[in-house]
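Following: one structure in structure tokens, then a few remarks.
Residue numbers (our numbering): 4 to 219.
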């Protein structure tokens, strides 16, 4: 369980709060919009209506006590930058801020953010990859060159084991997990036999993934 502060109750901030709460974390939300705070007040650990660009407001929250501080201010980048900087100055352990453009990300990182997220861009890129390839059910980019793809096994893999197919050497992919019947089985061994009913979570370079997907 982690203690998490989320500042800004826009679309991204709301989804973030709900997911963190579903994972049994302690979540405090803050926004100057009373309606936005009241909408989530009964589903989070604590909620406060306040303007976090006010240094005294931030100080009163005890930001150094939170494991993670998220700055999810959407439309006012000046406020996002100021809050990010103040959080770090006040001893926040880890500050993660939302950006919509590269220039914003650079400024946030220079002014205290430990990490920057691009929710709209990342969502758009994942959708583009999924829709461009018929058999990609999900996609997570790890670096510019490598990603995790949720894909079905090839038809000629069915009834054969990981060792028999020689997945790693022949196809240059690593199977991280198998999803079947609503369950996730991490790191299937060499004796695992493909049934054709599962999805595979496969780590691969983009080039190797493209070659494999053309065979599915």
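Positions of the beta carbon are idealized from the N, C-alpha and C atoms, including for glycine.
A quick note: this is a predicted structure, and the numbers were derived from the prediction, not measured.
Next item on the list: Express the C-alpha separation of residue 145 and residue 208 in angstroms, rounding to a whole number.
Entry: The sequence position of residue 208 within the chain shown is 205, counting from 1. The sequence position of residue 145 within the chain shown is 142, counting from 1. When the Cα atoms are used, residue 208 and residue 145 turn out to be separated by approximately 10 Å.
Notebook entry, point to check: Which residues mark the beginning and the end of the beta strand (DSSP E) in which residue 118 is found?
Noted result: As a first step, residue 118 is located in the chain shown; it is residue number 115 there, counting from the start. Segment 118-120, the beta strand (DSSP E) holding residue 118.
Note to self: Which residue wins for smallest C-alpha separation from residue 54, given the options 182, 10 and 169?
What the structure shows: Indexing the chain shown from 1 puts residue 54 at position 51. Minimum Cα distance to residue 54 is reached at 10.
Note to self: I believe residue 28 touches residue 4 by the beta-carbon criterion, under 8 Å. Please report the beta-carbon distance rounded to the nearest angstrom.
What the structure shows: Sequence index remark: in the chain shown, residue 28 carries index 25 (1-based). Sequence index remark: in the chain shown, residue 4 carries index 1 (1-based). With 8 Å as the limit, residue 28 and residue 4 qualify as a contact, their Cβ atoms being about 6 Å apart.
Next item on the list: Quick one: using the 10 Å Cβ neighbour count with 16 as the cut-off for buried, is residue 156 buried or exposed?
Entry: Numbered from 1 along the chain shown, position 153 holds the residue referred to as residue 156. It counts as buried.
Check: Span of the alpha helix (DSSP H) holding residue 106?
Finding: Numbered from its first residue, the chain shown carries residue 106 at position 103. Residues 105-113.
Margin query: Here's a check: name, in chain order, each residue in its chain whose Cβ is nearer than 8 Å to the Cβ of residue 183, leaving out the five neighbours to either side.
Written below: Numbered from its first residue, the chain shown carries residue 183 at position 180. Same-chain partners within the cutoff: 198, 200, 201 and 202.
Check: Counting along the chain, where does the alpha helix (DSSP H) carrying residue 18 start and finish?
Finding: Within the chain shown, the letter at position 15 stands for residue 18. Residue 18 -> alpha helix (DSSP H) spans 14-25.
Next item on the list: Give the range of the alpha helix (DSSP H) segment to which residue 177 is assigned.
Entry: Residue 177 sits at position 174 when you count from the first residue of the chain shown. That residue, residue 177, is in no alpha helix (DSSP H); its beta strand (DSSP E) goes 177-183.
Checklist line | C-alpha distance - residue 90 paired with residue 40, whole-angstrom precision | finding: Stepping through the chain shown from its first residue, residue 90 is reached at position 87. Stepping through the chain shown from its first residue, residue 40 is reached at position 37. The straight-line gap from Cα to Cα measures roughly 20 Å.
Next item on the list: Going by DSSP, name the residue or residues bridged to residue 50.
Entry: Here residue 50 corresponds to residue number 47 of the chain shown, with the count starting at 1. 32.
Check: When the Cα atoms are used, what is the spatial distance from residue 17 to residue 210?
Finding: For the purposes of this step, residue 17 is taken as the residue at position 14 of the chain shown. For the purposes of this step, residue 210 is taken as the residue at position 207 of the chain shown. Rounded to the nearest angstrom, the gap between the Cα atoms of residue 17 and residue 210 is 36 Å.
Notebook entry, point to check: With contact counted as at least three CB pairs below 8 Å, one residue from each stretch, are the region 60-69 and the region 92-103 in contact?
Noted result: Segments in contact, yes.
Check: residue 87 and residue 74: beta carbons closer than 8 Å?
Finding: Translated into the one-based positions of the chain shown, residue 87 becomes position 84. Translated into the one-based positions of the chain shown, residue 74 becomes position 71. Yes, the pair counts as a contact, with Cβ atoms nearer than the cut-off.
Notebook entry, point to check: Does the distance from the C-beta atom of residue 178 to that of residue 165 stay below 8 Å?
Noted result: Translated into positions along the chain shown, residue 178 becomes position 175. Translated into positions along the chain shown, residue 165 becomes position 162. In this structure, the beta-carbon distance from residue 178 to residue 165 falls below 8 Å.
Check: With respect to the beta strand (DSSP E) encompassing residue 205, which residues constitute its N-terminal and C-terminal limits?
Finding: Here residue 205 refers to the residue found at position 202 when the chain shown is read from its first residue. Residues 202-208.
Check: What three-state label does DSSP hand residue 86 in the structure shown?
Finding: By one-based count along the chain shown, residue 86 stands at place 83. If DSSP states are grouped into helix, strand and coil, residue 86 belongs with the helices.
Check: So, helix, strand or coil for residue 188, using DSSP?
Finding: Counting from one through the chain shown, the residue named residue 188 turns up at place 185. Three-state result, residue 188: strand.
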